[in-house]
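Number of protein chains: 2
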Amino acid sequence: MLSEAVEDYLKAIYKLEEAGRPVTTSALAEAMDVAAASATGMVKKLAGLRLLRHNPYQGVTLTRAGRKVALEVIRHHRLVELYLAEVLGYTWDKVHEEAERLEHVISEEFEEKIFEALGRPTRDPHGEPIPDKDGRLAAGIQARLSDMEPGESGVIRQVSDSTAEMLRYLGTRGLVPDTAFEVLDKAPFNGPITLKTGETSHVLGRDLAAHIRVETRAEGGA
Amino acid sequence: MLSEAVEDYLKAIYKLEEAGRPVTTSALAEAMDVAAASATGMVKKLAGLRLLRHNPYQGVTLTRAGRKVALEVIRHHRLVELYLAEVLGYTWDKVHEEAERLEHVISEEFEEKIFEALGRPTRDPHGEPIPDKDGRLAAGIQARLSDMEPGESGVIRQVSDSTAEMLRYLGTRGLVPDTAFEVLDKAPFNGPITLKTGETSHVLGRDLAAHIRVETRAEGGA
DNA sequence: CGGTTATTTTAGGCAAGGCTAAAAAAATAT
DNA sequence: ATATTTTTTTAGCCTTGCCTAAAATAACCG
């Protein structure tokens, strides 16, 4: 049985790889909120377990086995998040924290049971894809609201679950996955972006908008 | 935050106390499946935390604070067991193992949510009482099927969740909480006990029968 | 290219919670 | 009452995963 620490490191490495960032010791240490020396230590351990390859002073790459573990943990996390939201009535800003702990302790049977109870879902409450049992993962959405231009329209597809506060803020404004919108304005010098959903308009800072992943609707809805 | 190990020790001590057994180092070590020296070490730690009192070479008694923690863990355990059985469709022989891990990681909110979803229950799938949020616990059933005599009748109220195999065996025979029965025979020299539920009769070894707690029906149903 | 800076790794420690072996205390038996 | 056995405690060590400080390596800059 792999320890919780091992699972968390693999998950963090997977997410860094997925984001296209080189997985350096310092990036990993920052993601895990530990000292760099601690990250080095764990990397050596994981290399010994053949869960990743380590090029000293360079960085780290997950092996197939390591990626499999990471995806299992992510599957647990996202299924649990969705279950908490859909079945137990959690608000979407609270599911992440609870899922962080549950993801490490639920059995395959538990996973299977909630997967079926939810109707074999493919997305979590934040819109992120849920890996299937074999570790296959639908592509995440890459486009960011912050990169859209006035006049363009689209649909919110994912909102990263980084901070609960941000999720509460967006939730109260109805800025949740599958909401259609149109960009009205984008202020220069990294200024706020203005968008419209239905009859309501919203002004969001550029950083916040970067956390919102969107699907762009083919232009010219007119 | 108390560690999982601390919670498990307190739970084990509580159960030994409840069973009326003196909580010696060796009894605790056996319950926790660790060496006696390890139990001594943890006992000293818990005494330092004021969760129990330790009379060296004598034994151990929970303080009010220690008992409170133990009951919280037990509440989590039993609520989770019931949730797994009632909502997720677990068979009753599998709930214990999963609950052993979940009991340590669920939040108060999770506890509250499943408590309400279950309709504020008071008994787990094995018939054991669920402590309330303030740590109040309805009395458990003391009478054992193994102590009943031929001609007596009653209702099964609790089946201890010690081994999954035993629970499967009893489950397939319908010997579950709230089942009425009548004792037909009890063989001497610790021999088997024969009972009838509805039209079916069962022969159970004395050890197995000792795990079944019953409510005796006032004699003379005739 | 050589010197400075930043990153990574090594070295040595600490806290938890296990272990075994040995010592101390208590219980039991003669 | 003493001797033996059992139980408990102490002492010392191990593993995991974290830490800080120092050393090694790589990257950058003039």
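Sequence order for the protein chains is A and B. Counting from -4, one number per residue, gives the positions in the first sequence under the working numbering. Counting from -4, one number per residue, gives the positions in the second sequence under the working numbering. Each residue gets a CB set at the ideal place from its N, CA and C atoms; glycine is no exception. All values reported here derive from a predicted model rather than from experimental measurement.
Look up residue i in the DSSP assignment and say whether it is helix, strand or coil.
i              : result
residue 176(A) : strand
residue 216(B) : With a pLDDT of 46 at residue 216(B), under the threshold of 50, the modelled position of that residue is not reliable, and no figure is offered here.
residue 148(B) : strand
residue 1(B)   : helix
residue 20(A)  : helix
residue 88(A)  : coil
residue 100(A) : coil
residue 26(B)  : helix
residue 36(A)  : helix
residue 170(A) : coil
residue 132(A) : coil
residue 94(A)  : helix
residue 14(B)  : coil
residue 6(B)   : helix
residue 202(B) : helix
Please list the partners that residue i has in chain A, where partner means a Cβ-to-Cβ separation under 8 Å.
i              : result
residue 115(B) : Those do not exist, as residue 115(B) stays about 15 Å from chain A at its closest Cβ, beyond 8 Å.
residue 93(B)  : 101, 102, 104, 105
What are the partner residues of residue i, as DSSP defines its beta bridges?
i              : result
residue 54(A)  : 50(A)
residue 181(B) : 188(B)
residue 207(A) : 154(A)
residue 139(B) : 208(B)
residue 118(A) : 124(A)
Where do the ends of the beta strand (DSSP E) carrying residue i lie?
i              : result
residue 71(A)  : It is not in any beta strand (DSSP E) - residue 71(A) instead sits in the alpha helix (DSSP H) that spans 59 to 81.
residue 191(B) : 188 to 192
State the start and end residues of the unbroken alpha helix (DSSP H) segment that holds residue i.
i              : result
residue 109(A) : 103 to 112
residue 199(B) : Segment 195 to 199 is the beta strand (DSSP E) holding residue 199(B); no alpha helix (DSSP H) there.
residue 44(B)  : Here residue 44(B) belongs to no alpha helix (DSSP H), and DSSP marks it neither H nor E.
residue 167(B) : 159 to 167
Is any heavy atom in the ligand COA found nearer than 7 Å to the beta carbon of residue i?
i             : result
residue 40(B) : Summarising the ligand content, the structure contains no ligands, and the ligand COA is consequently not present.
Are residue i and residue j closer than 8 Å when you measure CB to CB?
i              : j              : result
residue 185(A) : residue 208(A) : no
residue 98(A)  : residue 71(A)  : yes
residue 119(A) : residue 73(A)  : yes
residue 54(B)  : residue 19(B)  : yes
residue 79(B)  : residue 93(B)  : yes
residue 283(A) : residue 91(A)  : There is simply no residue 283(A) to check, as chain A begins at -4 and stops at 217 in what is shown.
residue 100(A) : residue 100(B) : yes
residue 191(B) : residue 177(B) : yes
residue 58(A)  : residue 46(A)  : yes
residue 11(A)  : residue 64(A)  : no
residue 199(B) : residue 187(B) : yes
residue 108(A) : residue 84(B)  : yes
residue 75(A)  : residue 2(A)   : no
residue 27(A)  : residue 4(A)   : yes
residue 149(A) : residue 86(A)  : no
residue 88(A)  : residue 162(A) : yes
residue 66(B)  : residue 130(B) : yes
residue 30(A)  : residue 21(A)  : no
residue 23(B)  : residue 0(B)   : no
residue 126(A) : residue 135(A) : no
Chain A partners of residue i, CB-CB under 7 Å?
i              : result
residue 100(B) : 96, 97, 100
residue 108(B) : 83, 84
For residue i, go through chain A and note every residue whose CB falls closer than 9 Å to its CB, in chain order.
i              : result
residue 112(B) : 82, 83, 84
residue 89(B)  : 102, 104
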